[in-house]
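Take a look at the structure below.
There are 2 protein chains.
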Amino acid sequence: MFFEGAEKKCEIITSNAVQSLIEKPLSFWEDLVSASGATILSSIENEQSTAFLLSESSLFVWSNRILMLTCGETKLVESAELFIDSIGVKNIDGLFFQRKNEYRSALQSTDFMDDAKRLSKKIEGQVVCFGKLHSHHTLLFHTSKKLELAEQDKTCELLMYDMEPEVLSFLTRENLRTKELRDFFKLDSLFSGFSFDDFIFRPYGYSLNGIKEDQYFTVHVTPQEVCPYVSFETNLQIGEESLSILQYFIDRLRPGSFDVLRFNGHKDLFFGDDYIRAIHVKDELSIAYSVDFSYFNKRQKEPELMYSYKNIEEI
Amino acid sequence: MFFEGAEKKCEIITSNAVQSLIEKPLSFWEDLVSASGATILSSIENEQSTAFLLSESSLFVWSNRILMLTCGETKLVESAELFIDSIGVKNIDGLFFQRKNEYRSALQSTDFMDDAKRLSKKIEGQVVCFGKLHSHHTLLFHTSKKLELAEQDKTCELLMYDMEPEVLSFLTRENLRTKELRDFFKLDSLFSGFSFDDFIFRPYGYSLNGIKEDQYFTVHVTPQEVCPYVSFETNLQIGEESLSILQYFIDRLRPGSFDVLRFNGHKDLFFGDDYIRAIHVKDELSIAYSVDFSYFNKRQKEPELMYSYKNIEEI
């Protein structure tokens with residue numbers, strides 16, 4: 633069965649005039665998540681943040697910021713609208729709403745452009761595209777108001793496609809346990825000192841949130857045969873250290889292709905001669921964030937075979 | 633305004649028991665085209681074929697074969713169903729129904745998988761995919777019955793994206809005339825002996841059909857800024873000669889990327905060091921057609937800038 637792994641992402645920054653968001657009751661977050669058509673599975677927290685694991689991806693909450701990621705056929709724009717209405721638009725300092733190219737966008741109830749039009753009726757913003765509309769890309773709606781300290785706000789997304797068959801046969805193994813997946817991703821050593829919260833979906837799929845102080849990372853795995861996909865996202869400092877984390881994920885999963893999207897990440901990327909950069913976009917958002925988007929393809933030595941669908945009814 | 637240039641394509645081969653299709657009255661073809669939501673603009677014919685220029689692309693008719701291409705938000709699957717019902721499924725020797733990755737598939741009323749399910753209820757067939765679902769690809773539904781003389785049936789499609797700004801400014805020039813476009817594409821010398829039928833859409837867009845004996849070619853240009861696209865398709869022998877035609881189109885339009893899809897075309901492709909092949913699929917359909925799909929990317933020397941949408945309301 634098909635499942636859309638590609639995430640929609642919304643990040644909202646509230647002004648200091650607003651009550652700390654981590655003091656909001658659980659029911660507030662339950663309503664917010666439910667507006668998208670998702671549910672909360674579990675949560676972890678520390679003094680600076682709460683991380684909710686959702687039936688479709690993740691929600692992170694800090695004192696004046698939320699980050700919500702949802703996949704499948706969820707309607708993230710409805711959660712964004714509900715949050716704006718609850719907090720009041722005058723208390724929103726910044727909003728980012730982003731969608732990447734989906735596998736089967738015709739199954740989605742809205743496309744990015746519809747979402748952007750809806751958001752722009754509530755809050756002033758602009759739309760930009762990194763990459764190619766007919767190939768890998770990310771579309772972003774962002775508010776126009778300049779953000780203070782924007783340049784300290786670093787995030788990095790690594791979106792991996794078409795992992796090798798041996799990797800997929802591990803990721804789709806029956807009765808896989810979270811311990812085996814944490815070991816596979818070497819999470820204890822790569823993210824030492826982090827608290828983890830993870831969940832295995834049946835028959836397939838894995839989600840993990842990790843937090844440490846105000847840092848987060850999240851991993852989502854949808855290993856379905858027609859559209860295998862693994863995403864990793866973090867606000868760890870995008871220096872030498874986290875580039876080696878990206879390299880570890882790529883070496884471990886050996887994707888056929890992957891995107892790297894960085895906000896305020898400057899170091900140039902290189903992942904060995906096996907991967908060719910097919911798209912590279914580097915620019916500045918009007919609100920003082922730099923953006924760096926790259927799409928890498930594995931060098932293909934021999935022609936591949938076509939993919940034959942086994943059963944039309946099951947598509 | 634957005635216009636989906638990416639074509640849907642349907643080719644149907646009837647058995648010899650059926651009356652020659654070129655003897656069918658115009659009203660038959662008008663009804664067929666109208667089932668997709670398109671209309672006939674004009675036509676040309678010779679002893680072996682008729683070529684209709686449509687409001688959205690083209691329809692070619694031979695004695696025992698039709699080829700229909702439609703773009704925009706047309707519903708080509710409805711024309712395919714109507715044709716099967718009119719002719720009778722027992723008189724259909726072969727059917728190919730194909731859709732490539734679209735820019736904004738969420739605006740389409742169906743996706744390929746829906747179409748394939750509908751067709752498989754009328755006629756037995758299989759589904760295959762060339763390329764990557766999350767990137768450039770073509771999905772094909774084809775019937776299972778072995779086709780006689782299949783290996784003589786050669787077609788080649790060249791689908792070009794993101795032409796250079798100077799090319800686009802020519803293609804979107806006000807009051808452009810068909811003569812200028814025919815000269816730009818050097819059609820008189822590349823396709824000598826062919827009859828042409830072409831049309832310029834306002835504000836933008838160009839369609840052309842050409843026929844000579846049982847040979848055809850067709851060119852469709854949708855030069856809109858957010859998603860510039862030019863397609864070329866032909867059944868000319870895919871030997872030295874027509875590869876040089878592909879090279880001419882690529883040199884003239886300088887696309888940022890392009891796909892080449894060939895049925896029964898065997899010569900290996902190379903378009904100079906400026907273009908890297910990012911995807912290559914080579915395989916045999918169960919009905920004895922060979923397939924060769926390639927996606928080429930222009931080598932990117934410097935990072936590009938993001939694309940900024942001017943007005944959200946107009947997206």
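Chains as they are written, first to last, in this note's numbering: chain A, 633 to 947; chain B, 633 to 947. Even glycine gets a Cβ: it sits at the ideal position worked out from N, Cα and C.
How would you call residue i, buried or exposed, if buried means at least 16 neighbouring beta carbons within 10 angstroms?
i	result
residue 863 (chain A)	buried
residue 649 (chain B)	exposed
residue 740 (chain A)	buried
residue 758 (chain B)	buried
residue 734 (chain B)	buried
residue 736 (chain B)	buried
residue 762 (chain B)	buried
residue 875 (chain A)	buried
residue 615 (chain A)	Nothing can be reported for residue 615 (chain A): it is not among the residues displayed for chain A, which extend from 633 to 947.
residue 805 (chain B)	exposed
residue 897 (chain A)	buried
residue 604 (chain A)	Residue 604 (chain A) is absent from the structure shown; chain A starts at 633 and stops at 947.
residue 820 (chain B)	exposed
residue 717 (chain B)	exposed
residue 632 (chain B)	Residue 632 (chain B) falls outside the range modelled here, since chain B spans only 633 to 947, and no answer is possible.
residue 685 (chain A)	buried
residue 643 (chain B)	buried
Once you ignore the five residues that flank residue i on each side, which residues in its own chain have a CB closer than 6 Å to its CB?
i	result
residue 854 (chain A)	635, 637, 837, 861
residue 849 (chain B)	842, 866
residue 909 (chain B)	926, 928
residue 731 (chain B)	640, 744, 771
residue 813 (chain A)	838
residue 742 (chain A)	none
residue 747 (chain A)	709
Tell me, to the nearest whole angstrom, how far the beta carbon of residue i is from that of residue j; I am working on the premise that it is less than 8 Å.
i	j	result
residue 790 (chain B)	residue 721 (chain B)	About 33 Å separates the two Cβ atoms, so there is no contact after all.
residue 701 (chain B)	residue 656 (chain B)	Incorrect: roughly 19 Å between the Cβ atoms, too far for contact.
residue 676 (chain A)	residue 683 (chain A)	5 Å
residue 903 (chain A)	residue 787 (chain A)	Not confirmed; about 19 Å, so no contact.
residue 930 (chain B)	residue 906 (chain B)	6 Å
residue 751 (chain B)	residue 728 (chain B)	Contact flag wrong, Cβ pair sits at about 10 Å.
residue 831 (chain B)	residue 674 (chain B)	7 Å
residue 713 (chain B)	residue 749 (chain B)	At roughly 12 Å, the Cβ-Cβ gap does not stay under 8 Å, so residue 713 (chain B) and residue 749 (chain B) are not in contact.
residue 795 (chain B)	residue 868 (chain B)	Not confirmed; about 23 Å, so no contact.
residue 913 (chain B)	residue 935 (chain A)	6 Å
residue 767 (chain B)	residue 767 (chain A)	5 Å
residue 781 (chain A)	residue 715 (chain A)	About 21 Å separates the two Cβ atoms, so there is no contact after all.
Could you name the residues of the same chain whose beta carbon sits closer than 8 Å to that of residue i, not counting the 5 residues immediately before and after it, in chain order?
i	result
residue 881 (chain B)	790, 792, 817, 862, 864
residue 815 (chain B)	none
residue 800 (chain A)	855, 857, 860
residue 653 (chain A)	646, 693, 694, 695, 696, 697, 698
residue 678 (chain A)	827, 843, 844, 845
residue 847 (chain B)	826, 866, 867, 868
residue 900 (chain A)	none
In chain order, what residues of the same chain have a beta carbon less than 7 Å from the beta carbon of residue i, not counting five sequence neighbours either side?
i	result
residue 662 (chain A)	672
residue 915 (chain B)	923
residue 689 (chain A)	639, 701, 702, 703, 839, 852
residue 778 (chain A)	919, 920
residue 879 (chain A)	903
residue 877 (chain A)	822
residue 764 (chain B)	911
residue 890 (chain B)	790, 791, 792, 793, 882, 928
residue 723 (chain A)	646, 647, 649, 650
Can you check DSSP and say which residues form a bridge with residue i?
i	result
residue 924 (chain A)	A:894, A:914
residue 939 (chain B)	A:761
residue 667 (chain A)	Answer is none; residue 667 (chain A) lacks a bridge partner.
residue 875 (chain A)	DSSP lists no partner for residue 875 (chain A).
residue 683 (chain B)	B:676, B:692
residue 909 (chain A)	A:928
residue 653 (chain A)	In the DSSP output, where bridge partners are listed per residue, residue 653 (chain A) has none listed.
residue 865 (chain B)	B:789, B:850
residue 944 (chain B)	Answer is none; residue 944 (chain B) lacks a bridge partner.
residue 841 (chain B)	B:829, B:850
residue 642 (chain B)	B:700, B:729
residue 647 (chain B)	In the DSSP output, where bridge partners are listed per residue, residue 647 (chain B) has none listed.
Inset, instruction - With a floor of 3 residues, list each beta strand (DSSP E) that falls wholly inside the stretch 813-837 of chain B, ordered by position along the chain. - result: 827-832
Inset, instruction - Would you mind listing the alpha helix (DSSP H) stretches within the stretch 692-769 of chain B that are 4+ residues and don't spill past its ends, in chain order? - result: 708-719, 744-754
Legend entry - Length-filtered (4 minimum) alpha helix (DSSP H) runs lying within the stretch 762-811 of chain A: 797-803
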